[in-house]
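Enquirer:
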Amino acid sequence: MNNKNNSRYEELANQIPELIGGVNNVSYFTHCMTRLRFTLKEITNVDAEKVRKLPGVKGVQWSGDQLQVIIGQTVDEAYAAICRKMGLGAQVSAPEGGTAPRKKKFSPMSLVDVISGCMAPVLPVLIGAGMLKVVMLVLEMTGLIHGEGATYATLNFVADAAFYFLPVYTGAAAARKFEMNMFVGMFLGAVLVHPSFVSMCAEGAAGSVFGIPVYAGTYTSSIFPVILSVWAAGYVERFMKKHSPDFLRTMLVPFGTILVMTPLSLCLLSPIGSVLGTYIANAIIWLYETTGFVGVALLAAIHPLMVMTGMHHAMGPYLFSSFASSGFEALASPATFIDNINIGAACLAIGMKSKVTDTKTEAASCGITACVCGVTEPGLFGIVLKYRTALIGVMAGNFLGGVIAGLTKSVCYAFAGSYGFLGLATFIGEKGISNLVFMIIAVAAGFVLTFVFTLIFFKDSAETGVPASDIKTQAEALSAQNVITAPVSGEIKDLKECPDGVFSAGVLGKGVIIEPSEGKVYAPCNGVVTCLFDTLHAIGITAENGAEVLIHVGMDTVTLNGEGFQAHIKTGDHITTGQLMLEFDMDFIQSKGLPIVTPVVVSNAAQYPELQVILGTAVHGDKIITL
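If you use my numbering, the sequence shown corresponds to residues 10 to 636, in order.
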């Protein structure tokens, strides 16, 4: 077995240097628990598709100029083989996002990464408020509430608050992104929407700071102004920390940061951000008015590729600006609805046709989730991108749906909390019910084309798995013991809710995520610790029944380099169910802006076709997975 693995990674090591542009194109190379991470000088020299097809590679994704190659729990073997091949010697894994030497330069993807990092944490609030808007539209349409009534007025200002105070939430997220005090970031956003400042701007007399005039802009529902301000504030705060005496730091750092940023934000950076956002929105509106239905069709067609690269996040500021200024949006929203539902259509077709039990179950689940709720990451990364025919079907259906939506000038009247069937009510507005009918026709046409195309041309390949009967035989041979218990006390949730796309798509196996209520990790089964990472944030276990269990404490906690963790076991130890293995400081991890959500997955889940999870509140030792 070992020889086979070594041979596999030697082949990977032999081929990957050329595919990423050679050794000289690598400015830094490290790995975390499951991924090889190449920080590259020129990403244009990389053939990611060929890397994806290399033996031992489970997936590939980009994060800025960093190429992440997903291997799994044996990533250290692949890393060692590549180091030997590339002549890098025995390197020590540096913290992700740490102080590793790298080439700093601006690129469109770095801008997308910033926008994505500042918007992603805010989305739950916007989704919740958007869904409230959808419910209001449905209730008003059915006559259950009236647009002039007290209930409608109350729900309306509650939903609007999420968008009105967007600079405050974005300020908090931007502060995490730029590694500064989160509450100072929120403060900078709150300044921009303070009632007195809003009134002054509305009257055209926003005042001045130290004789410098303040720009009378509208910053509610904006993103760019606060992002620019927090970006600059990060540098100011670090300067103040460096030059403040220790005994005065608590007072001087926030005071100095606010004092410097008040004129800098109100007089320069926020106005620049406002103008930038306005020009971007106007450019997109001009593109729509110039290209008409073609623009909607093309955007819909390439939308799955935009999601793959994270480029879709760049549309966020435009969306908020369009809804705030025009009251509707006619380009990105229709394209997103059509794409999400068509991804669901492709998954449903694969679920219907595939003869592989795991594929059928996963595809059907992903299809329903995408169509109804508009949650597409599991379907896109876990199903559609694995099969060329499915991706072609989605893009073809998207183009057709986009043509119809563009020709009928279908527009969305509110930020949709769900870009699936549940959110279609946001197409009810000034144009009446006809606008919704046209959008439903566009969605239906794309759905039918995608479903039929995928159903006809999809074929199970050798890579999709082995016959279910063979899998069952292997599972039965492993052991009669078939229970994985909760290693951490807390709320057990569906793996698809994991903020890390690799886990949520099931690339690393099937299982659950846990929102911990205490910072202790216990053995979930009897077995052997096959891997305890140097940074202590993840543990790999081989159970007595052969199941390979991965426990990953928090997201991106590899960056802490072991700080906040205390191990009570080591690699090679035999463990028994309920044995304390690890302690972690939840407050410390969260203070670093990192989620403590903990995935627990069975890496070799293909050998357990009857694997089931048990959701809800649990204490360590409770059954959460049956094999």
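Glycine included, each C-beta is placed from N, C-alpha and C at the ideal position.
1) Could you tell me the distance, in whole angstroms, from the CA atom of Pro608 to the CA atom of Met564?
2) Quick one: what's Thr378 bridged to in DSSP?
3) What do you get for Ile522, buried or exposed, if any count of 16 or more other CB atoms within 10 angstroms of its CB means buried?
4) Taking the alpha-carbon of Ser230 as reference, which of Ala532, Ser334 and Ala90 has the nearest alpha-carbon?
5) At the level of alpha carbons, what is the spacing between Ile377 and Ile359?
6) For Cys92, report the span of its alpha helix (DSSP H) as first-last.
7) If the criterion is Cβ atoms closer than 9 Å, does the pair Ala580 and Thr539 meet it?
8) Beta carbon of Ala379, beta carbon of Ile401: below 9 Å?
9) Is Met564 helix, strand or coil by DSSP?
10) Do the CB positions of Val235 and Gly265 come within less than 9 Å of each other?
11) Look at the alpha carbon of Pro508 and the alpha carbon of Glu212, and state the distance between them as a whole number of angstroms.
12) Given a cut-off of 9 Å on the beta-carbon distance, is the pair Phe424 and Ala138 in contact?
13) Beta-carbon within less than 7 Å of Thr271's beta-carbon, same chain only, minus the 5 sequence neighbours each way: which residues are those?
14) So for Val193, helix, strand or coil by DSSP?
15) At what residue ranges does the segment 370-450 contain a whole run of the alpha helix (DSSP H), taking only runs of 4 or more?
16) At which residues does the alpha helix (DSSP H) containing Gln599 begin and terminate?
17) So what does DSSP say about His629, is it helix, strand or coil?
18) Please report the distance separating the alpha-carbon of Gly336 from that of Phe408.
19) Just the C-alpha distance for Gly383 and Gly216, rounded to the nearest angstrom, thanks.
20) What number of angstroms, rounded off, separates the C-alpha of Lys505 from the C-alpha of Leu517?
21) Looking at Phe233: is its Cβ nearer than 9 Å to the Cβ of Ser283?
22) To which residues of the same chain is Thr160 closer than 7 Å at the C-beta, ignoring the five residues directly before and after it?
23) Among Gly549, His583, Lys418 and Gln621, which one has its Cα closest to the Cα of Tyr85?
24) For Pro130 and Arg185, what's the separation of their Cα atoms in angstroms?
25) When you compare only the Cα positions, how much space is there between Phe346 and Val452?
26) Could you tell me whether the segment 142-150 touches the segment 195-207, where touching means 3 or more Cβ pairs closer than 8 Å?
27) Are Ile501 and Ile623 touching if we call contact CB-CB under 9 Å?
28) Can you pull the DSSP bridge partners for Gly499?
29) What first and last residue would you give for the alpha helix (DSSP H) that runs through Tyr37?
30) Nearest-angstrom Cα distance between Gly286 and Thr544?
31) Given a cut-off of 9 Å on the beta-carbon distance, is the pair Val420 and Ser342 in contact?
32) In whole angstroms, what is the alpha-carbon distance linking Glu371 and Ile560?
33) Is the beta carbon of Gly243 sitting closer than 9 Å to the one on Met315?
34) Any idea if His629 is buried or exposed, counting beta-carbon neighbours within 10 angstroms, 16 or more meaning buried?
35) Compare the Cα-Cα distances from Tyr88 to each of Phe466, Ala22 and Asn570 and report the closest residue.
Expert: On the basis of the supplied data:
1) 9 Å
2) Paired residue(s): none; Thr378 is not in a bridge.
3) buried
4) Ser334
5) 12 Å
6) Val84 to Met95
7) Reading off the sequence, residue 580 comes out as Thr, not Ala. Yes, the Cβ-Cβ distance between Thr580 and Thr539 is below 9 Å.
8) no
9) coil
10) no
11) 43 Å
12) yes
13) Val218
14) helix
15) 386-391 and 397-416
16) Met595 to Ser600
17) coil
18) 25 Å
19) 45 Å
20) 12 Å
21) yes
22) Ile154
23) At residue 85 the sequence reads Asp, which differs from the Tyr that was named. Comparing Cα positions, the closest option is Gly549.
24) 10 Å
25) 8 Å
26) no
27) yes
28) Pro525 and Ala627
29) Tyr37 -> not in any alpha helix (DSSP H); beta strand (DSSP E) instead, spanning Val35 to His40.
30) 41 Å
31) yes
32) 22 Å
33) no
34) buried
35) Ala22
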